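Quick note, the sequence shown lines up with residues 0 to 261 if you use numbering that gives the first Met the number 0. Presented below is the structure to which this report refers.
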Amino acid sequence: MDNPGKLIWQIACDESGVDGAKYYGFGSLWMKWQRRGDLARDIGEIRKRHNHRDEIKWQKAHSKLYRDFYLELVEYFFSKPWLAFHCLIVRKAMVNKEFHNGDYDLARRKHFNMLLSAKIKQVIKKHPGRDCSFRVVVDPIASRYKKADEASHVITNNEVNKSLSKAGVVDSYITKDSKDSFQIQLSDLLLGAVMAAWQKKSSSEGKLLVQKKIAECLGWDNLEADTYHTERKFNIWYFHDPKLGAREASSRKVNLKYELPK
0 MDNPGKLIWQ
10 IACDESGVDG
20 AKYYGFGSLW
30 MKWQRRGDLA
40 RDIGEIRKRH
50 NHRDEIKWQK
60 AHSKLYRDFY
70 LELVEYFFSK
80 PWLAFHCLIV
90 RKAMVNKEFH
100 NGDYDLARRK
110 HFNMLLSAKI
120 KQVIKKHPGR
130 DCSFRVVVDP
140 IASRYKKADE
150 ASHVITNNEV
160 NKSLSKAGVV
170 DSYITKDSKD
180 SFQIQLSDLL
190 LGAVMAAWQK
200 KSSSEGKLLV
210 QKKIAECLGW
220 DNLEADTYHT
230 ERKFNIWYFH
240 DPKLGAREAS
250 SRKVNLKYEL
260 PK
């Protein structure tokens with residue numbers, strides 16, 4: 000039986016921009032472990048209302064048939080204070096391959112681990128008197144390295160332990176097909192919307208409406224910016240190396256449509 004004072008977090012991860020686009024990025028949907036049943040039930044009810052049977056994916060957000068479904072899904076995410084989304088965006092041209100054995104594949108995996116370990120450390124620091132553990136589910140990582148998920152599990156735990164002397168905080172790390180996880184699917188939708196805005200790739204009316212809905216819930220006009228690092232509901236982290244010139248993105252203050260409890 001779990002320690003009643005223990006905080007257990009579920010993190011569902013996805014990636015975008017692995018096809019040679021200008022930017023690549025990683026998204027993570029966060030919630031308390033105990034809420035996973037609530038999420039499955041709620042999304043199931045929304046799907047039923049809209050007669051939606053397909054996998055939830057950003058690439059399918061153009062569908063006129065399911066437009067209202069995707070818009071309600073975004074509204075649902077922002078209305079639930081126990082859900083959070085954090086992502087990392089990297090401009091590929093800014094990556095110095097000399098630090099990654101000349102390999103973009105390795106650089107991408109390092110950046111994914113950086114997102115996980117940085118956010119996990121933030122959570123632990125926010126709850127200094129609590130015992131925190133983390134359970135990760137991730138869509139298969141696009142990599143030539145067949146054990147990329149196992150390596151990520153070890154590296155993330157090592158990085159957290161090195162910084163905070165907390166061993167084995169990620170007690171579960173599972174690679175799961177997104178078809179079997181509403182959590183990964185929702186992460187895919189939110190990440191896809193942000194990445195498409197940065198890539199300037201959205202063309203269909205449906206996708207533009209989803210992006211507009213997310214921006215409105217943030218109090219923004221569009222998604223072409225990052226947030227301040229303290230933003231906890233919807234955090235866009237643009238990775239920038241100051242050695243490579245001026246920052247191309249400005250950070251914006253978030254004014255949430257649905258305020259979070261303090």
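Heads up, the beta-carbon is just placed ideally off N, CA and C, and yes, glycines get one too. Values in this document were obtained by computation on a predicted structure and should not be read as measured data.
| Query | Result |
| --- | --- |
| Coarse secondary structure for H49, derived from DSSP in three states | coil |
| Segment limits, beta strand (DSSP E) that includes E223 | Careful: E223 lies outside any beta strand (DSSP E) and carries neither H nor E. |
| Residue range of the beta strand (DSSP E) that includes I213 | Here I213 belongs to no beta strand (DSSP E); instead the alpha helix (DSSP H) covers 204-217. |
| Coil, strand or helix - A11 by DSSP | strand |
| Inter-residue Cα distance where the pair is D138 and Y172 | 11 Å |
| Proximity of Q210 and A196 at Cβ, strictly below 8 Å | yes |
| Bounding residues of the beta strand (DSSP E) (the contiguous stretch that carries A83) | 83-90 |
| Nearest neighbour of N234, chosen from Q198, T155, L87 [CA to CA] | L87 |
| Contacting residues, own chain, Cβ-Cβ under 6 Å from Y69 (five flanking each side not counted) | A60, V209 |
| I173 - partner residues in DSSP beta bridges | V136 |
| Residue environment, E14, which counts as buried when at least 16 other CB atoms sit within 10 Å | buried |
| CA-to-CA distance, E158 to W29, given in whole angstroms | 20 Å |
| Sub-8 Å separation of Y227 and K252 beta-carbons | yes |
| Spatial distance of K91 from K146 (CA atoms) | 23 Å |
| Segment limits, alpha helix (DSSP H) that includes L190 | 181-198 |
| Environment of R246 [buried if 16+ CB atoms lie within 10 Å] | exposed |
| Residue nearest to G128 in terms of C-alpha spacing, selected from S62, K165, R48, A150 | K165 |
| Under 8 Å between C-beta atoms of S27 and I10 | yes |
| Assigned secondary structure, N112 (DSSP; H/G/I helix, E/B strand, else coil) | helix |
| Backbone secondary structure at L28 - three-state DSSP | strand |
| Residue burial classification, S180 (beta-carbon count within 10 angstroms, cutoff 16) | buried |
| Proximity to Y22 [Cα-Cα], best of D176, Y237, K120, K124 | Y237 |
| Cβ-Cβ distance between V169 and V122 below 8 Å | no |
| DSSP three-state assignment for K5, whether helix, strand or coil | strand |
| Alpha helix (DSSP H) segment containing N156, residue limits | 147-163 |
| 8 Å CB neighbourhood of D176 in its chain, flanking five on each side removed | D138, P139 |
| Span of the beta strand (DSSP E) around Y237 | 233-238 |
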